[in-house]
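Visitor:
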Amino acid sequence: MLRKRRSAHTIKMPEGELNIVPLMDVLTILIFFLLLGTSFASYSVVQATPLLSGEPSQEKKPTFVLKLGIERDLEAEVWLGPIHELKMVQAAELKAYLGRRFSGNPQAGYSMKLSARDKDGFRRELQDILVALKKSFPHENKVVVAFADKIGYQRMIDVVSSVRELASEREGFVLINLLGKQEKTRVLFPEVIMSEWSEGA
Amino acid sequence: MGLKRKNKPRVHLEEVPLNITALLDMMTVLLFFLIQSFMVSSMALTPPAGVRLPTSSKVAEPEETVVVALSAKELRGDNKLLTTLAEGKFKPYEIAPDHRTIIPLKEFLDKEQKKRLAVYKGAGDLSILPPGKLLIQADKEIPFGILKYVLHTATVTGYSDYQFVVVSESGDPSRAPASPARK
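Chains as they are written, first to last, in my numbering: chain C, 79 to 279; chain A, 4 to 186.
Right under this line is the structure:
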């Protein structure tokens with residue numbers, strides 16, 4: 079069984095240089111157009127919903143109510159509705175805190191005025207209050223924020239962002255949920271309901 | 004006076020082939036990077052002229068939906084001019100009798116809402132659909148007293164999920180750290 083080994087014919091390809099000039103042209107033009115069309119600013123969104131009126135509920139169910147009124151720059155009014163029938167954790171700590179910072183009582187609710195010298199101080203103080211409330215109401219997510227007509231859009235966004243989540247420079251806080259488990263979070267009241275400020279509302 | 008021009012001796016350089024491999028590598032990588040960034044941010048969120056967006060440190064990805072842009076001079080819907088403002092206020096004849104609704108914006112959003120609902124035609128009760136999302140690009144100096152007309156009109160047309168477009172604080176050049184104060 080002799081195998082004949084055929085001599086393989088070597089095929090000679092024509093020698094030539096690869097011309098990549100057209101490729102370079104296309105690439106350069108493509109990059110130029112892509113650079114023109116690309117936006118390097120990073121956009122994101124801050125979400126909120128409006129306060130809608132409706133039929134009052136017939137069910138007598140205690141509801142958590144937290145309202146912020148922004149009438150002037152760097153000033154806020156904070157209202158906390160009646161809390162005596164609400165589920166809460168660390169109730170004694172909350173009552174002590176409300177007694178120090180707020181005026182009111184558990185049946186009628188609490189209120190306080192907040193003012194700061196600068197934007198960062200305002201955000202810090204507002205978030206301190208919200209952290210204290212969130213620790214006692216870890217299952218609540220809604221906050222109503224009412225803005226006066228003269229409040230600028232940037233300030234409005236600052237407030238909405240501040241009530242949703244802790245500022246990036248702050249560390250998260252530990253809260254105990256209704257099941258008694260500890261968890262670390264940065265989230266405050268992420269469901270922001272926007273409203274219009276009216277005196278005495 | 005006459006300057007004598009000396010004949011410089013001619014230097015014959017060796018012919019060296021230009022190596023463009025590194026250049027090609029770099030351009031290809033740049034091309035991939037740009038195409039990727041194009042695909043990620045497919046939505047055109049660049050605000051129209053006259054709209055300086057506010058800044059925020061919170062990051063949430065925008066979703067593709069109807070865009071309304073409000074500056075001190077004009078109101079746009081999906082980049083089409085809807086109306087102009089006079090001295091930073093809406094013209095009285097473009098406000099509905101309820102003193103809240105902007106008529107041109109309502110007409111625009113009604114059309115968009117019809118398009119949105121047409122998708123769900125025959126799917127049952129449309130009233131249980133979640134409210135429409137509306138991307139709002141407003142100038143950071145606009146007072147709430149003007150913006151509230153837009154928000155109200157959006158709500159009455161079914162767009163009550165507001166998505167305020169902001170620039171991430173890290174990407175805003177105007178928030179660069181200030182130079183240290185001189186003593």
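Beta carbons: idealized from backbone N, C-alpha and C, even for Gly.
(1) Could you work out which residues of chain C lie near A/E115, taking near to mean beta carbons separated by less than 8 Å?
(2) Considering A/D164, what are the terminal residues of the beta strand (DSSP E) in which it resides?
(3) Does DSSP put A/V154 in a helix, in a strand, or in coil?
(4) What does C/N183 pair with, by DSSP beta-bridge criteria?
(5) Strictly below 9 Å CB to CB, what residues from chain C border A/P133?
(6) Taking 8 Å as the cut-off, decide whether the C-beta atoms of C/L176 and C/P140 are in contact.
(7) In angstroms, rounded to a whole number, what distance separates the CA positions of A/S130 and A/Y162?
(8) Can you say whether A/Y123 is buried or exposed, counting buried as having 16 or more other CB atoms within 10 angstroms of its CB?
(9) Which same chain residues end up closer than 6 Å to C/P55 when comparing Cβ atoms and leaving out the 5 residues on each side of it in sequence?
(10) Thinking C-alpha only, which one of A/L132, A/R119, A/A75 and A/I23 is nearest A/V153?
(11) Would you mind sorting C/Q285 into buried or exposed? The rule is 16 or more other CB atoms within 10 Å of its CB.
(12) Does the Cβ of C/I89 have 16 or more other Cβ atoms within 10 Å, making it buried, or fewer, making it exposed?
(13) Can you find a CB in chain C that lies within less than 8 Å of the CB of A/F35?
(14) Assuming contact is defined by CB atoms lying nearer than 8 Å, are A/F147 and C/F225 in contact in what I supplied?
(15) Which residue from C/P160, C/L144 and C/K197 puts its Cα closest to that of C/V209?
Guide: The relevant details are as follows:
(1) Within the second sequence, the letter at position 112 stands for residue 115 of chain A. Residues of chain C passing the Cβ test: none, with the nearest at roughly 18 Å.
(2) Your numbering for residue 164 of chain A matches position 161 in the second sequence. That run of the beta strand (DSSP E) goes D164 to S171.
(3) Working through the second sequence from its first residue, we reach residue 154 of chain A at position 151. Before going on, a small fix: residue 154 of chain A reads as Leu here, not Val. Helix, per DSSP.
(4) For this step, residue 183 of chain C is matched to residue 105 along the first sequence. DSSP, once it has assigned bridges, lists C/G187 as partnering C/N183.
(5) For the purposes of this step, residue 133 of chain A is taken as the residue at position 130 of the second sequence. The contacting residues do not exist; A/P133 stays about 11 Å from chain C at best.
(6) On the first sequence, position 98 is the one that residue 176 of chain C refers to. On the first sequence, position 62 is the one that residue 140 of chain C refers to. Result no, Cβ atoms of C/L176 and C/P140 do not sit closer than 8 Å.
(7) Stepping through the second sequence from its first residue, residue 130 of chain A is reached at position 127. Stepping through the second sequence from its first residue, residue 162 of chain A is reached at position 159. Looking at the two C-alpha atoms, the distance is approximately 13 Å.
(8) The residue you call residue 123 of chain A lines up with position 120 of the second sequence. The residue is exposed, with fewer than 16 neighbouring Cβ atoms inside 10 Å.
(9) Outside the shown range of chain C, which is 79 to 279, sits residue 55 of chain C, and nothing can be said about it.
(10) To locate residue 153 of chain A, count along the second sequence from 1; it is residue 150. The option with the nearest alpha carbon to A/V153 is A/A75.
(11) Nothing can be reported for residue 285 of chain C: it is not among the residues displayed for chain C, which extend from 79 to 279.
(12) Within the first sequence, residue 89 of chain C is the residue found at index 11, counting from 1. Answer is exposed; the Cβ neighbour count stays below 16.
(13) Here residue 35 of chain A is taken as the residue at index 32 of the second sequence, counted from 1. Answer no: the Cβ-Cβ gap between A/F35 and chain C never drops below 8 Å.
(14) Stepping through the second sequence from its first residue, residue 147 of chain A is reached at position 144. Stepping through the first sequence from its first residue, residue 225 of chain C is reached at position 147. A contact, by the Cβ cut-off of 8 Å.
(15) Along the first sequence, one-based indexing puts residue 209 of chain C at 131. Closest by alpha carbon: C/L144.
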